[in-house]
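Numbering (the working numbering), first residue to last: 1144 to 1671.
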C-alpha cells in the first residue's frame, strides 16, 4: 500500500464515521476447543485415496482456519486436517494480540499511523534480520485482516489499539486484543468455519496425524498420508497442500538438535507444537531457515507455577543474579528487548531473584499471584531458598558465595549513593540487608519458535537453491516467527501475520489449483 493509498483509505473511513456509520461488531463467542464429535452430523465419509479436495490444509489453528475459510469462499474444495481432537491450536491459550496500521478502528480513534511506519518499526526492532519481503506483505494487509475479524464478530477491548508493555513499544498504538484473549478470535473463526462445513465447502478431519507429504516423480506435492486415532493409515490426494501446523517449541528432539542452549526452558506452548510440518516439509525437499535462533522468554519460575511481573507494571525491589552470582541487567529496564537479550547472552540459562525480609513483608515479591504464604510454601517445597545471611543463601543456591556477597554489597552501596554505576537502575529504594533472605529461581519459557520452512513471496515452500516445491505452501508459525520479527519478539506479530498470511496462502494456492484444473473456480485475489 502506497502512502497515497493509505491517506485515501483514512479519508474515506473518516467520512464514513462523520456520517454516523461505524463498523458493527458482534459479541465474540466464549467457546472452548471444538471437539471432533461436534462435527459428526456434518462430516461425510472420507475414503483413502479419494480426491475429495482441491486443497488440503494441515493444521486447524491460527493460520489454518482463516486459510480454510478464505479458500472455501473462493470456490475451492477444502480438507482441513488436525491431529488434535479440537480446533484452534495456540489460540486456546494465546494472548491473542495482533497488530496493524490503518485499521478502521485505529482511524476512527484518530491515531496517526501507516503500514510503512509499522514496517520500519518491525525492521528496526528485529535488528533488520526480518524477511523484508514477507514482512511488507504482512503489514500492508494487516488492516484488512483486522477489519475482517471485526466484520465476522471479533470483539476488541476498549483500549485497542494500544501500546503493549510486555514488548518494545511501536511508534504508534497498533496492538489489539480481545477481552477473552486468543479465544476472542477463535469463537468467531469457529462460527465462520462451521458455516462452510455445513454447506459442504470444507471437510474437517480431527484426531488425524499427517505423517508424510505425497509427491509425484517430479517432486510436486500431490497429497498427504494420514494416521487416524485408531492407527488406520490413509492417503488423501489434492492439487495443493498448505502447512499450518505451528512451531516446534514442544519438541525436545528438535530443540536439542538446533537450540541446545534453550532445551531445558519451561515449555508453555501446547504439546501439538512438535514441528511436524517442518519435518515433513524438509523431507519433501524444503529448506529450514532461522533454526539457530530461538527466543526463550525470561520470567518463568523454575519448578513452580508463576511468572515475574515486569516494569512498568511492577518494579522489583530485589536484584537478579546469574549462576555466577553477578547482576547482568537493569532489573527495571522498561524495554523488554533489553531484558530478553541480556538473558539470552548468559552462558547458562536461568537466574535468581534475590529478596530480603522487607520485600516479603511489603508483598513486593514480584511474582504474579504470589503472596507471603505462597512464598513460604515454595520455601517448604525447596524451590525457593531461604537463609539468614547472604553467604548462607549462596551456599544453598550452589553459586559462588564470595561473588554473591560482593554483588549484594555493591548494590547496597548504590542504594546509599543513589547511583547504579553498572546498569544505571534509577529506582534504588531499599538495600538488601535484612534477613531472612530469599532466592527465587527463574528460567526461560518457550511459547513460539523462530525457525521454520523457507517460503517465497507467494508462500510456496522452496528448496535451499530457491527452487519452488510445486503444490506446497506454508504459513503461520510453520514458517518461523523470525520471518516477521527477526531476532526480537514484537507485539502482535505472531498471531496477526499468521491470520494474514494464512488467508493469502489460500488465495495463492487457489490460483495454483485453478492452473492445474480448469474445473476449479477462478480465484480473484484483490490483495497482494
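Ideal placement from N, C-alpha and C gives every residue a C-beta, glycine not left out.
Which of helix, strand or coil does DSSP assign to residue i?
| i | result |
| --- | --- |
| residue 1639 | helix |
| residue 1368 | strand |
| residue 1707 | The structure shown has nothing for residue 1707, since the chain only spans 1144 to 1671. |
| residue 1212 | helix |
| residue 1574 | coil |
| residue 1159 | Unreliable placement is indicated for residue 1159, whose pLDDT of 34 sits below 50; the coordinate value is still reported in the next sentence. Three-state DSSP puts residue 1159 in a helix. |
| residue 1401 | helix |
| residue 1241 | strand |
| residue 1518 | helix |
| residue 1380 | strand |
| residue 1450 | strand |
| residue 1656 | helix |
| residue 1442 | strand |
| residue 1429 | coil |
| residue 1203 | coil |
| residue 1630 | coil |
| residue 1647 | helix |
| residue 1250 | helix |
| residue 1422 | helix |
| residue 1407 | coil |
| residue 1226 | coil |
| residue 1182 | Residue confidence is low: residue 1182 scores 36 on pLDDT, short of 50, so the model does not pin down where it sits. Its coordinate-derived value is still stated next. Residue 1182 falls in the helix class under three-state DSSP. |
| residue 1416 | coil |
| residue 1583 | strand |
| residue 1354 | strand |
| residue 1510 | strand |
| residue 1221 | strand |
| residue 1528 | strand |
| residue 1260 | helix |
| residue 1346 | strand |
| residue 1340 | helix |
| residue 1319 | strand |
Assuming residue i contacts residue j (C-beta within less than 8 Å), just tell me the rounded distance between them.
| i | j | result |
| --- | --- | --- |
| residue 1320 | residue 1639 | About 11 Å; that fails the 8 Å criterion. |
| residue 1313 | residue 1237 | That belief does not hold up - the Cβ atoms of residue 1313 and residue 1237 are roughly 19 Å apart, past 8 Å. |
| residue 1336 | residue 1345 | 7 Å |
| residue 1595 | residue 1390 | 7 Å |
| residue 1242 | residue 1339 | The Cβ separation is near 27 Å, so there is no contact. |
| residue 1593 | residue 1280 | No, residue 1593 and residue 1280 are not in contact; Cβ-Cβ is about 19 Å, not under 8 Å. |
| residue 1315 | residue 1357 | 46 Å between Cβ atoms; not a contact. |
| residue 1475 | residue 1395 | Not really, about 34 Å apart at Cβ, beyond 8 Å. |
| residue 1423 | residue 1528 | Rounded, the Cβ-Cβ distance is 45 Å, inconsistent with contact. |
| residue 1503 | residue 1515 | 6 Å |
Is residue i near residue j, with beta carbons less than 9 Å apart?
| i | j | result |
| --- | --- | --- |
| residue 1211 | residue 1223 | yes |
| residue 1443 | residue 1526 | no |
| residue 1392 | residue 1591 | yes |
| residue 1309 | residue 1479 | yes |
| residue 1203 | residue 1649 | no |
| residue 1519 | residue 1578 | no |
| residue 1464 | residue 1494 | yes |
| residue 1543 | residue 1535 | no |
| residue 1473 | residue 1580 | no |
| residue 1468 | residue 1545 | yes |
| residue 1328 | residue 1239 | yes |
| residue 1609 | residue 1208 | no |
| residue 1349 | residue 1235 | no |
| residue 1497 | residue 1582 | yes |
| residue 1482 | residue 1550 | no |
| residue 1408 | residue 1306 | no |
| residue 1378 | residue 1351 | no |
| residue 1201 | residue 1221 | no |
| residue 1265 | residue 1282 | yes |
| residue 1311 | residue 1633 | yes |
| residue 1597 | residue 1622 | yes |
Counting only C-beta atoms, is residue i closer than 9 Å to chain B at any point?
| i | result |
| --- | --- |
| residue 1208 | No chain B is part of this structure, which consists of one protein chain only. |
* Asked: What runs of the beta strand (DSSP E), each 3 residues or longer, lie entirely inside the region 1455-1503?
  -> 1462-1464, 1494-1498
* Within the chosen definition, does the region 1593-1606 reach the region 1240-1250 through at least 3 CB pairs nearer than 8 Å? -> no
* Asked: Counting only runs that start and end within the region 1281-1316, where is the alpha helix (DSSP H) found for 4 or more residues in a row?
  -> 1285-1294
* **Inter-stretch contact at 8 Å, needing at least 3 Cβ pairs: the region 1439-1449 / the region 1585-1601** => yes
* Unbroken beta strand (DSSP E) runs of length 3 or more, entirely within the region 1585-1621: which are they? -> 1603-1605, 1611-1617
* **Three or more C-beta pairs below 8 Å linking the region 1353-1366 and the region 1375-1395** => yes
* **Meets three-Cβ-pair contact criterion under 8 Å: the region 1615-1629 and the region 1266-1286** => yes
* Check whether the region 1298-1306 touches the region 1608-1627, counting contact only when three or more Cβ pairs, one atom from each stretch, lie closer than 8 Å. => no
* Would you be able to state if there are at least three C-beta pairs under 8 Å between the region 1416-1436 and the region 1251-1265? => no
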